[in-house]
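Trainee: Protein chains in written order, with this note's numbering: chain X, 26 to 165; chain W, 2 to 75. Ideal placement from N, C-alpha and C gives every residue a C-beta, glycine not left out. From a predicted model like this one, the values you see are computed outputs, not experimental measurements. Here's a structure for you.
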Amino acid sequence: MAFEEKQAWALAVIAVVGYAVYLLIVLNGADGRPLTEAPYVGAMLWTIGGGIVAGIVAGIWFGIAARNDGLQSDERDREISRFGDHVGQSFVVIGGVSAMVLAMVEAPYFWIANVLYLSFVLSAVLGSLTRIAAYRRGLQ
Amino acid sequence: MKPTKVTNSIRALRFAHGEMKQADLAKAVGVTRQTLIAIEQGKYSPSLEVAFKIARVFHVSLEEVFQYPEEEDA
């Protein structure tokens, strides 16, 4: 498996696990109250920060594991990475537009923050899955 | 993603050149072994630069390495 493909798997797993942890913390924190009253800022910041750190650690780990493999990325990896970013970016746009609409209707901050967070997660997951599919099935 | 119509003779050329290993050819043209495998299997069409480098390693013309079928008129 290519170094960059391992990275794509790691990012997809980190994004899903991080969001699952966030949801568990927020849902437990609601404790019967409406979701908008649940404390979410700390959990969101910690899971986003944790995800970034985990991504960096995974990159270092795979880099060390593949240190004797010679070249670790080339033109195909760069093309696949761009393709994945292009696909994943659509969710960032959808999230931005959704957040804008929520702000216009004066929705609670909770929903604005959460729709943005969800769009980042979906962007990371979809982008990573696209990269994995390109590695597995080919990129023309 | 539809498979490429471009076919190649890299595998045959490798064997004709002293059973050259994929890793050695990959190193010679400056790509990863995984990319060379993808090219050989027709899962990735390389850049012209890499295509020329592969042909140069085997001392053959580009069309002896890569082939593209004639388009049939409908």
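Which runs of the beta strand (DSSP E) fall wholly inside the region 44–108 of chain X and span at least 3 residues, in chain order?
Mentor: Taking only runs of at least 3 residues, no beta strand (DSSP E) segment lies wholly in the region 44–108 of chain X.
Trainee: Say whether chain W places a C-beta atom closer than 9 Å to the C-beta of X/Gly95.
Mentor: For X/Gly95, the answer is yes, since a Cβ of chain W falls inside 9 Å of its Cβ.
Trainee: Label W/Leu37 either buried or exposed according to how many other C-beta atoms from any shown protein chain fall within 10 Å of its C-beta, with 16 as the threshold for buried.
Mentor: That one is buried.
Trainee: List, in order along the chain, the chain X residues whose C-beta lies closer than 8 Å to that of W/Gly19?
Mentor: Chain X residues near W/Gly19: none, gap ~20 Å exceeds 8 Å.
Trainee: For X/Ser98, which residues in chain W fall below 8 Å Cβ to Cβ?
Mentor: Thr33, listed in chain order.
Trainee: Tell me whether the beta-carbon of X/Val112 lies closer than 9 Å to the beta-carbon of X/Gly152.
Mentor: The answer is yes: Cβ separation under 9 Å.
Trainee: How would you label W/Ile11, buried or exposed, when you count the other beta carbons within 10 angstroms and need 16 or more for buried?
Mentor: Its Cβ being crowded by 16 or more others within 10 Å, W/Ile11 is buried.
Trainee: Is W/Val7 closer than 9 Å to W/Ser46 when the C-beta atoms are compared?
Mentor: Their beta carbons are under 9 Å apart, which means W/Ser46 touches W/Val7 by this criterion.
Trainee: How is W/Gln68 classed by DSSP in three states: helix, strand or coil?
Mentor: If DSSP states are grouped into helix, strand and coil, W/Gln68 belongs with the strands.
Trainee: I'd like to confirm the pairing. Which residues does DSSP put opposite X/Leu164 in its beta bridges?
Mentor: X/Leu164 pairs with W/Tyr45.
Trainee: Measuring CA to CA, which of X/Arg162, X/Leu164 and X/Val146 is closest to X/Leu36?
Mentor: Residue X/Val146 is the option with its Cα nearest to X/Leu36.
Trainee: Using only alpha-carbon positions, find the residue among W/Ala56, W/Ser48, W/Ala52 and W/Thr33 that is nearest to X/Leu96.
Mentor: The shortest Cα separation from X/Leu96 among W/Ala56, W/Ser48, W/Ala52 and W/Thr33 belongs to W/Thr33.
Trainee: Rounded C-beta distance between X/Ala68 and X/Ile39? I'm assuming under 8 Å.
Mentor: Actually they do not touch by this definition, with Cβ atoms about 16 Å apart.
Trainee: Which one of X/Phe135, X/Ala159 and X/Ser148 has the shortest CA to CA distance from X/Pro59?
Mentor: With distances taken between Cα atoms, X/Pro59 lies closest to X/Phe135.
Trainee: Am I right that X/Leu141 and X/Ala124 are in contact with their C-beta atoms under 8 Å? What's the rounded C-beta distance?
Mentor: Indeed, because the Cβ distance is near 5 Å, the residues count as touching under 8 Å.
Trainee: Are the Cβ atoms of X/Gln32 and X/Ala83 separated by less than 9 Å?
Mentor: Contact flag set, yes.
Trainee: Determine the extent of the alpha helix (DSSP H) in which W/Lys6 is found, giving its start and end residues.
Mentor: No alpha helix (DSSP H) holds W/Lys6; DSSP gives it neither H nor E.
Trainee: Would you identify the three-state DSSP class for X/Met26, choosing helix, strand or coil?
Mentor: X/Met26: coil per DSSP, three-state reduction.
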